[in-house]
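Novice: Residue numbers (the working numbering): 377 to 901. Heads up, the beta-carbon is just placed ideally off N, CA and C, and yes, glycines get one too.
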């Protein structure tokens, strides 16, 4: 549904275009309205005509950035904002949109800078203060979240981002009733699926969970996830679901038996000790990443597409193309693999990993999908696999508000989340069974309950010297910044988050046939 204010502005703009008197502004307004109606091709054409008329118009470039963000093209969106800022450095809307893009893409520190600049340029901008409130709440900085949210709501009492940030601060302060009473009426006024209702419902679910209203919490989470699916339905058209992508890799991997051993790599410059940290979202990978990154000389990256070159060449396209791509990859000799290794390390360097790093940790919970590639490209790498009770993992993925990615659409129901989990566990286990990988499994509950013993075993496996400083990983997380949905938990230090699924056992019952084999295998029965 198009916003009434935008619809009114678009009516005037489209009339001007019909008369032949429309300028770049009219084209931009018409483009935004076309995008809101789902006419993406029409919107793109209108933006192009606007920029042809005024190439450096910051309003048009910012509108184009909004269009790209809404369609998941975050890199293009940031570039459009940067072009707007280059043309007019003090244009607050471009800084505001840049903050929204970076926040949705997980770049919290850069997003914070952009929102702060927008608030500096336009102190009366409720969205700028709300963006800062949301980031503070995400990191567990409740005093700042409350102050920024209250400032935003004083400017715009219906700003949903600010309201949900304030509600999260209330929940953290033990005032879940107040959070419920703030959000429930707001959710009731929103008749259609949109970002505001989705955000309101997931936060309302958290308040009801804290109040032990399990049925109400589950209903709020389910409605929020249904909104997420509806909002991103158009972006998903023509793209393989991530669960299907996992199944395609599994099929391709099974078809090549035996999987070829890694050929001897060409002589190359010295590289740091190399670690892949994987498992599954919400299994504790962010926690462990920040623990290891506390040690001197260790650098880590969060969920970066470091294998993008290999992905593009061998894991792109349809299911059949992924299957055949893996066969082509398996047939490569050493000279053909070397450019893929170099492309990987180029990505690592571009991300800012220091050259003097002793140990590099590539953290990505879903990189179990890339183990066939990793085994041939990096046979000397060590692999840490994070394990957590499958019921906690699937429940947490269902109740968590993620940014849009190819994988997060699989978390919109408990059934689809359980199927995705089962698919990745089957593929990961097949790789661990068949590939000559150096692997150490880390169980979340052991890490949080016997931290020293668990981390000493990890350091021994990685060849790193254990230190009591590892216990201060929360400082590392605060210094480095955390881009995943686990930011708030990690920055508040060690706590035991096990068995959160139990109050919702009745809702998990239908997916237990999928999860039970893994519950048994991982020792959580």
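Please identify the residue among 508, 748, 384 whose C-alpha is closest to the C-alpha of residue 812.
Specialist: The option with the nearest alpha carbon to residue 812 is 748.
Novice: Find the nearest neighbour of residue 404 within the set 395, 382, 414, judged by alpha-carbon distance.
Specialist: Of the candidates 395, 382, 414, the one whose C-alpha sits nearest the C-alpha of residue 404 is 382.
Novice: Could you pull out every unbroken alpha helix (DSSP H) segment of at least 4 residues lying fully inside the region 530-591, listed in chain order?
Specialist: Counting only runs of 4 or more, we get 536-548, 552-565, 571-586.
Novice: Report the option in 753, 676, 703 whose CA atom is closest to the CA atom of residue 711.
Specialist: Nearest of 753, 676, 703 to residue 711, Cα basis: 753.
Novice: Does residue 469 pass the burial test, meaning 16 or more other C-beta atoms within 10 Å, or should it be called exposed?
Specialist: So residue 469 counts as buried.
Novice: Would you mind reading off the limits of the alpha helix (DSSP H) that contains residue 646?
Specialist: Where residue 646 is concerned, there is no enclosing alpha helix (DSSP H), given that its DSSP letter is neither H nor E.
Novice: Among residues of its own chain, excluding the 5 on either side of residue 390, which ones have a beta-carbon nearer than 7 Å to its beta-carbon?
Specialist: Within the same chain, residue 390 has close Cβ partners 406.
Novice: At 4 residues or longer, what runs of the alpha helix (DSSP H) sit wholly inside the region 723-809?
Specialist: Correct list: 747-753, 766-775.
Novice: Just the C-alpha distance for residue 777 and residue 493, rounded to the nearest angstrom, thanks.
Specialist: C-alpha separation (whole angstroms): 26 Å.
Novice: Mapping DSSP to helix, strand and coil, what is residue 862?
Specialist: Below a pLDDT of 50, predicted positions are generally treated as unreliable, and residue 862, at 45, falls in that range; the measurement from the model is reported next regardless. The answer is coil: DSSP assigns residue 862 none of H, G, I, E or B.
Novice: Quick one: what's got a C-beta closer than 7 Å to residue 523's C-beta in the same chain, skipping five residues either side?
Specialist: Closer than 7 Å at the Cβ level, and outside the excluded window around residue 523, lies no residue.
Novice: Residue 558: which of 526, 503, 486 sits nearest, CA to CA?
Specialist: For residue 558, the nearest C-alpha among the options comes from 526.
Novice: Here's the rule: buried if 16 or more other CB atoms are within 10 angstroms of the residue's CB, otherwise exposed. What is residue 665?
Specialist: Buried, because 16 or more other Cβ atoms sit within 10 Å of the Cβ of residue 665.
Novice: Skipping 5 residues on each side, what residues in its chain have a beta carbon closer than 8 Å to that of residue 393?
Specialist: Contacts found: 402, 403, 406.
Novice: To which residues of the same chain is residue 587 closer than 6 Å at the C-beta, ignoring the five residues directly before and after it?
Specialist: Once the five neighbours on either side are set aside, the close Cβ partners of residue 587 are 552.
Novice: Please name the residue or residues paired with residue 509 in a DSSP beta bridge.
Specialist: Partner(s): none; residue 509 has no beta bridge.
Novice: Might you give, ordered along the chain, the residues of its own chain that have their beta carbon closer than 7 Å to the beta carbon of residue 623, omitting 5 neighbours on each side?
Specialist: These residues qualify, in order along the chain: 799.
Novice: Measure the Cβ-Cβ separation of residue 573 and residue 532 and say whether it is below 7 Å.
Specialist: No, Cβ-Cβ distance for residue 573 and residue 532 is not below 7 Å.
Novice: Which residues does DSSP list as the beta-bridge partners of residue 817?
Specialist: In the DSSP output, where bridge partners are listed per residue, residue 817 has 761.
Novice: Report the option in 601, 805, 786, 804 whose CA atom is closest to the CA atom of residue 796.
Specialist: Considering only alpha carbons, the answer is 786.
Novice: Determine the direct distance from the alpha carbon of residue 757 to that of residue 578, and round the result to whole angstroms.
Specialist: Computed Cα separation, rounded: 39 Å.
Novice: Assign residue 678 to one of three DSSP states: helix, strand, or coil.
Specialist: Looking at residue 678 - three-state DSSP - the assignment turns out to be strand.
Novice: Within 10 angstroms of the Cβ of residue 565, are there 16 or more other Cβ atoms? Answer buried if so, exposed if not.
Specialist: The residue is exposed, with fewer than 16 neighbouring Cβ atoms inside 10 Å.
Novice: Nearest to residue 625 by alpha carbon, out of 801, 654, 769?
Specialist: Residue 625 has its Cα closest to that of 801, out of 801, 654, 769.
Novice: Looking only at DSSP bridge pairs, what is residue 653 linked to?
Specialist: Residue 653 pairs with 739, 760.
Novice: Assuming residue 648 and residue 736 make a contact with CB atoms under 8 Å, what is their CB distance in whole Å?
Specialist: That pair is a contact at about 5 Å.
Novice: So for residue 447, helix, strand or coil by DSSP?
Specialist: Residue state, collapsed to three classes: coil.
Novice: On a Cα-Cα basis, can you pick out the residue from 871, 568, 458, 508 that is closest to residue 539?
Specialist: Residue 539 has its Cα closest to that of 508, out of 871, 568, 458, 508.
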